[in-house]
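Here is the structure we will look at, set down as structure tokens.
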Amino acid sequence: MINGIQMFTVTPEKDTTFYINKTQGSSCYMCTKVPGIKPERQCYDNLPLNKNTPVTIEFHCSRPQDVFIVEIVRNIACTSTSCGRIIQSDFGSSGLLDFPRRFTWKIKAYPQKSFQINFAKTGLSQIAPTDSCNDKHTYTLRAADVLLGKYCSSGPISNAQILNQGSFSLDLPAGQKPKPDQFDVFVAAKIDTIGNISVTLLKESSSTLMSPNYPRSFPNDDVIEWYFQVPNEHKAAIKFMNLTLPTCLKDQTGVEYSSREKTQVVRLNEVQPEQNEGSFSLRLRNCKMDTTRSGSAGLSMKFNVSAYQGVKILTVTPEKDTTVYINNTEARSCKVCKVTKVPGNLPDRQCHSNLTLSSTTTVTLEFDCLRTQDAFTMEIVRNIACTSKSCGRITQSDISSSDLLDFHRIFTWKIKAYPQKSFQINFAEKGLSQIAPTDSCNDKHTYTLRAADVLLGKYCSSGPISNAQIMNQGSFSLDLPAGQRLRPGRFDVFVVEEIPIIANISVTLLKESSSTLMSPNYPRSFPDNDVMEWYFQVPNEHKAAIKLLNLTLPTCLKKKIALEYSSRGKPQAQVVRLDQIQPEQNEGSFSLRLRNCEMDTTRSGSAGLSMKFKVSAYQGVQILTVKPEKNTTIYINNTKASSCKVCNYKEVPGNIPKQQCHSNLTLINNNPGTIEFDCSRSQDEFTVEIVHNIECTSNLCAQIIQSDGGFPDFLNFSRRFTWKIKAYPQKSFQINFAEKGLSQIAPTDSCNDKHTYTLRAADVLLGKYCSSGPISNAQILNQGSFSLDLPAGQKPKPHQFHVSVGEKINTIANISVTLLKGSMSSTLMLPIYRDNVPNGGMEWYFQVPDKHNATIKFLNHILPNCSDKQMELEYTGSKGTTQVGRLDDLQPIQNQGSFTLRLRNCKVVRTRASTNQGAKLKPILGAVAALFLISIIVLLVVCFVIKKKRKGQSPAVAAENPDRNVPKEPNNHPEDCNDRNHVYATIDDSLVYSHLLNKLKGGEHYDSYQSLDIKPKKPSVYEDVGGDSSVPLLQSKQGQPLSNKASSYVELVVVNNVYDLEQNNQEECPSLEPHLELKGEN
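Take the position in the sequence shown, starting the count at 1, then add 3; the result is the number in this note's numbering.
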């Protein structure tokens, strides 16, 4: 600035004119100095510059930018095929950056054509004439001299098509540089309106548009068109605002909607129709106005166009006895408007946050916001008044509310009982199931039941709740989310006798099921001093259990809170506190009443009464009270990998009993408690072991009494009764197996009478047994146990076993076996040792009947790798003579009377090979009594058969072949399995001891071994058992009973521990399959 003069130099570009115009009265002026032109200095108030030469402008004032505005005008003349481009730049006006500038592009269409401006990618949005844009780039669009609108960058307006000529301007405030941008201009076909503006609506959006020249009048007798693109699955609504209408001399003002489907002409003072997805055009047509009247307003309007999903405008016609409540459920300013037509003006709109419609007349509703379905809920209330005999029916139908589909809807039936009566709602065939107040249903149909203003519960379709009786009045509601069509259905409502409680809900329990129910108003308090009842139907052969959850108890002023159980089988109701364990209920029906007290509500933080409870129908046991006897422990174990738990309780005054849940639970001596299983069919998940401890004195042991032990509630479980017996120091104990004795079976087998016994010496499994057999007693050193296993549902047979004190023995156990007359054979098995055979080994004592012989055979045994000597057997006969042999030797025949068999231990070499190939001894011992009278059969011939997979039978060979040339089956076993010389494929009876048979015909009697005339050595404890009872063999290997005719020979029965043998043979002798047969001939 020099002496108050500011100078600026500008160079207008080609086809560009600069207009520097004075905008207000001021003494400020400007002068130009152009060399070569006289006079060189010329001064102006307004100056046009259009030559492409530098010009220096002098402003004679301190702030010329407050007085002058600069307009840079470019002219675009379209040809028949192109128009060019609008390029946003300074056009040489950067020297005037401090001035407000307007860049104007004047465009002229080719004759009989129009032109179209595309507003780049971001589009434009229209603003009011007095508004400005945030980015300081404000655009103006004109058709000839008609102002089409003022715009900001970014918006839904995608292009504008103009007839003949028009202009597009950009206004920038002082100091604002133009953003580099461009707009393409195209040649377009001639149109019949002054302009056509295209608007691409976005999803869930709204835009405001204005009539040309707004707020002044739209030109007389002219037409403007807007073209709208509506998103998929959306609708569009037009709402006129600030409408002024002219006095028309000719024609009428109006709006014409055109789409692919139809054309519709609507007056401006009517409700505008919704438009569907796709595209539609809106033409505003003015009439020939009377402009001679003073104060004539002309035609002007502003309107809002919205793209939305759901409802913006709808019509509703309530049915008879029906009220529609339209409620704004969100804290926002969205309103629902009741629209009424007003001749000659816009429709009258009465807008509210909530609206109630009760008359049967049709009403037009309009919502003034987007996503109205998110803001409003519709409740359709129907009233049912019962007579003395009938109530009617709840019919599920949305015929009259189909226009409300896009809203969250609640259908409510308010029912009023006849005086001195109650009403009952039947929930059809499928029933209902209760859910928590915050939950919803999978099928999106959620029901609510109320008695007066008390919330009885929230429900889903399909469940055990079959009906509900309500006193006086109540309501039944169906809640549907927006867009969910109503499933047709109905519920019958009946008149019933008056009930003295607020409600009675009937629940039909299904087999092996559980349901969750809640107190009224849950989780808030049940009403003060009130009563609620549930009626339960329990399936046949089932019980029901109630388990309280989430209990809160109030402080009572009067009365007490209680649950009352009533059933047909009990004359009086059973009253139980809520903080106690609830009793089981039997099959049939029972009712449960919840009775509240008069609560103290004056205390701050008083919780009131609320509870959630689960009712279960089950077979077997779910809740039981157990009190172990003295010296008794109960183990309840989950035998399956399931999440089922067993829980015990500790009562907590004033609250639900404290529950502790476990996979396994132990109940100890004299500690009573209630236990509960948290799953149905608990008897399939758990086993129960009841352990009695018996500690012997120096001369007395307690008896083993076979009974349910005072625990009949465990009948539905698999049970094991175990008696753990401890001998007095330096003593042993003996268990006598009553009159019938026991018979040994394989560990994987079970007994026909479902009474399976197990005997242990310390941690050594001596065997598994069934009742009735030759084993008469067992003597055990130090300590051991005797167990009885019963399957679920099996009651124990009343029985007892005498336990007596015995002298100390030098083996882990002695088993006494009394071989009976008439029996064929008895199977015994070696105990299962975790390691080596204990010191002292194991001993069996056998009693052989008169005129009978006995022999022992071993089969499929695996010998350990001994370091000092081999495993040996020691026989002691009835006369005290001792014989020692190995397991693979031919065992000596024992005569009538008694003999003992002891297994001598050896020191096992611990090597990897011995571990892998049989460091544990696994023979099976079979004791067979020759049960043929000597007078009939002179000798007993013993043989056995091993059945293998073979094409043919091996030829018969004599057992006493001097060369031992016995044909064998093909041997594919490992080398360590070849030591089986005692195993024969077959032995033909005609070749066995034939020389002795010949002598038998001459009257001579021979044994295979000479009898030993030595006094037998009897074990310290022995019980002689007689009788002709048969001795069962291993169940799956049992031979046929002996024929009445004399047989020439019988086969020795030898069986091993099936489980261990199979497991071991898979590793060592995979093709060996022992099979026992009994053969005989006449």
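For each residue, glycine too, the CB sits at the ideal point set by N, CA and C.
Round the Cβ separation of residue i and residue j to the nearest angstrom and send it over; I've been treating them as touching at under 8 Å.
i: I468; j: L513; result: In fact, because the Cβ distance is near 12 Å, the residues do not count as touching under 8 Å.
i: L831; j: Q737; result: About 18 Å separates the two Cβ atoms, so there is no contact after all.
i: A191; j: S284; result: At roughly 15 Å, the Cβ-Cβ gap does not stay under 8 Å, so A191 and S284 are not in contact.
i: I428; j: N470; result: 6 Å
i: N307; j: N331; result: Between N331 and N307 the Cβ distance is about 20 Å, and since that is not below 8 Å, they are no contact.
i: V618; j: V510; result: 7 Å
i: W847; j: V887; result: Actually they are not in contact, since the Cβ atoms of W847 and V887 sit about 16 Å apart, beyond 8 Å.
i: Q899; j: P852; result: 7 Å
i: F26; j: F62; result: Note on residue identity: the sequence assigns Thr, not Phe, to residue 26. Rounded, the Cβ-Cβ distance is 13 Å, inconsistent with contact.
Is it right to say residue i is buried, meaning 16 or more other beta carbons lie within 10 angstroms of its own, or is it exposed?
i: E536; result: buried
i: H3; result: Any question about residue 3 goes unanswered here, given that the chain covers just 4 to 1085.
i: K315; result: buried
i: A147; result: exposed
i: A239; result: buried
i: I678; result: buried
i: K461; result: buried
i: I23; result: buried
i: E432; result: exposed
i: G921; result: Legend: pLDDT at G921 = 35, less than 50; position of this residue unreliable, value from coordinates given subsequently. Classification for G921: buried.
i: L166; result: buried
i: I671; result: exposed
Thinking just about the alpha-carbon of each residue, which of the options is nearest to the one in residue i?
i: I110; options: T59, A163 and Q168; result: Q168
i: L833; options: A192, L597 and Y772; result: Y772
i: D531; options: L597, R488 and N55; result: L597
i: T761; options: K661, P732, F593 and R723; result: R723
i: R104; options: S83, H140 and T125; result: H140
i: V1087; options: S29, G95 and N78; result: The structure shown does not extend to residue 1087, since the chain is modelled only from 4 to 1085, so the question has no answer here.
i: Q232; options: Q255, N216, L349 and L205; result: L205
i: T398; options: A454, D406 and R490; result: R490
i: N199; options: Q119, R77, S85 and L407; result: Q119
i: C444; options: G466, D456, F11 and F430; result: G466
i: Y621; options: I778, P631, S518 and N553; result: S518
i: F243; options: G257, T250 and C251; result: G257
i: A764; options: D752, S753, G796 and K727; result: K727
i: R3; options: L368, S645 and L906; result: Because the chain in this structure spans residues 4 to 1085, residue 3 falls outside the shown range and cannot be described.
i: F616; options: N696, D756 and A439; result: A439
i: R66; options: K447, L99, I160 and D324; result: L99
i: Q312; options: E207, T133, I8 and S807; result: E207
i: L552; options: P526, K563 and R296; result: P526
i: S701; options: N785, T56 and E692; result: N785
Going by the beta-carbon positions, is the gap between residue i and residue j smaller than 7 Å?
i: G501; j: Q583; result: The sequence given here places Glu at residue 501; Gly does not occur at that position. Going by C-beta atoms, E501 is not nearer than 7 Å to Q583.
i: P801; j: S721; result: no
i: Q472; j: N507; result: yes
i: M304; j: S214; result: yes
i: T725; j: S790; result: yes
i: C64; j: C46; result: no
i: G809; j: Q782; result: yes
i: H411; j: P503; result: no
i: Y142; j: L173; result: yes
i: L349; j: N272; result: yes
i: A547; j: V541; result: yes
i: T903; j: T879; result: yes
i: S128; j: G152; result: no
i: I418; j: E382; result: no
i: L252; j: D293; result: yes
i: T107; j: V58; result: no
State yes or no: is the C-beta of residue i nearer than 6 Å to some heavy atom of the ligand NAD?
i: I505; result: The ligand NAD is absent from the structure shown, which contains no ligand whatsoever.
### Query
Are the segment 551-566 and the segment 623-639 touching by the rule of at least three beta carbon pairs closer than 8 Å?
no
### Task
Give a yes or no on contact between the segment 576-594 and the segment 659-668, applying the rule of three or more CB pairs nearer than 8 Å.
yes
#### Entry: Inter-stretch contact at 8 Å, needing at least 3 Cβ pairs: the segment 77-90 / the segment 177-197
yes
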